[in-house]
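So in this note's numbering, the last spot in the sequence shown is 74, and the numbers never skip.
Where a beta carbon is used, it is the ideal one built from N, C-alpha and C, also for glycine.
All of these numbers come straight from a predicted model, not from anything done at the bench.
Below: the structure, in structure tokens.
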Amino acid sequence: MPVYHAEKRLPSLVASRLKENRSNVELNSVNDRSTGQTISVINRIRDDRIILVELANKSVYAARNLALTMHRGD
Numbered sequence: 001m002p003v004y005h006a007e008k009r010l011p012s013l014v015a016s017r018l019k020e021n022r023s024n025v026e027l028n029s030v031n032d033r034s035t036g037q038t039i040s041v042i043n044r045i046r047d048d049r050i051i052l053v054e055l056a057n058k059s060v061y062a063a064r065n066l067a068l069t070m071h072r073g074d
């Protein structure tokens with residue numbers, strides 16, 4: 001999930017994703033150097049299924065592709 005400047009929507013998006021009734025749910029979040037509070041919001045959500053990676057200002061496409069390569073589930 002690309003999370004560039006998404007701090008306002010993140011809590012509800014993350015909560016929705018993690019409520020799924022599947023045992024192998026994971027949330028790969030890729031931040032492409034947003035300047036808002038995105039990282040702080042994600043760090044406040046304590047869950048081992050959340051993986052956060054930061055990119056060096058690439059693009060939304062690079063962020064999505066990176067998240068797909070991080071995928072460990074089915």
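**With 16 other Cβ atoms within 10 Å as the buried cut-off, status of A6** = Around the beta carbon of A6, a 10 Å sphere encloses 16 or more other beta carbons of the protein chains shown; the residue is thus reported as buried.
**Asked** Can you give the beta carbon distance from A52 to S29, rounded, assuming they're within the 8 Å contact cut?
**Response** With the sequence shown as reference, residue 52 is identified as Leu, and Ala is not the correct amino acid for it. Between L52 and S29 a beta carbon distance of about 5 Å is seen, short of the 8 Å cut, so the two are scored as contacting.
**Prompt:** Count the other CB atoms within 10 Å of the CB of N31; is the residue buried (16 or more) or exposed (fewer)?
**Reply:** Per the 10 Å Cβ criterion, buried.
**Request:** Please go through the same chain and pick out, in chain order, the residues whose beta-carbon is closer than 6 Å to the beta-carbon of T41, but skip the five residues on each side of it.
**Result:** Residue identity check: residue 41 is Val in the sequence provided, not Thr. Within the same chain, V41 has close Cβ partners E7, L10.
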